[in-house]
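Residue numbers (the working numbering): 6 to 142.
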């Protein structure tokens with residue numbers, strides 16, 4: 006309908022031999038004037054055998070809208086790792102800091118603040134386990 010807003014924001018990480026495929030569609034109907042809609046998907050690939058694909062789509066059937074979409078697929082930045090390691094962090098700790106930072110943006114947007122810390126703990130535990138089992142890198 007009119008004056009509608011939507012903000013789809015997804016983040017994911019893949020490791021080992023995992024693969025992820027995101028296909029999204031924001032469809033704005035003819036009568037949905039003054040709609041604001043955004044679709045974003047960001048993926049972190051944590052090992053050479055893992056892969057992620059992202060296909061955000063917009064289908065806009067009226068003109069009076071503000072819409073956008075985007076996606077990224079990438080690895081941990083070597084420069085960021087180097088910086089943290091040059092400050093004394095071991096590589097595994099530097100990787101954990103960067104992964105936590107990657108997810109922090111979406112954790113901070115959770116509508117229920119009380120779930121933020123448990124989600125942080127899950128991210129930390131899953132990544133630490135993957136590191137310990139050699140599934141990262």
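Glycine included, each C-beta is placed from N, C-alpha and C at the ideal position.
- Your pair residue 63 and residue 35 does not check out as a contact, with CB atoms roughly 15 Å apart and the cut at 8 Å.
- Residue 103 sits in a helix when the DSSP states are folded into three classes.
- Boundaries of the beta strand (DSSP E) around residue 12: 10-19.
- In the DSSP assignment, residue 123 falls within the alpha helix (DSSP H) that extends over 121-137.
- Shortest Cα-Cα distance from residue 103 to any of 60, 45, 89 and 26 involves 89.
- Along the length of the region 32-57, whole beta strand (DSSP E) runs at least 3 residues long occupy 40-50, reported in chain order.
- The closest CA to that of residue 39, considering only 19, 81 and 11, is found on 11.
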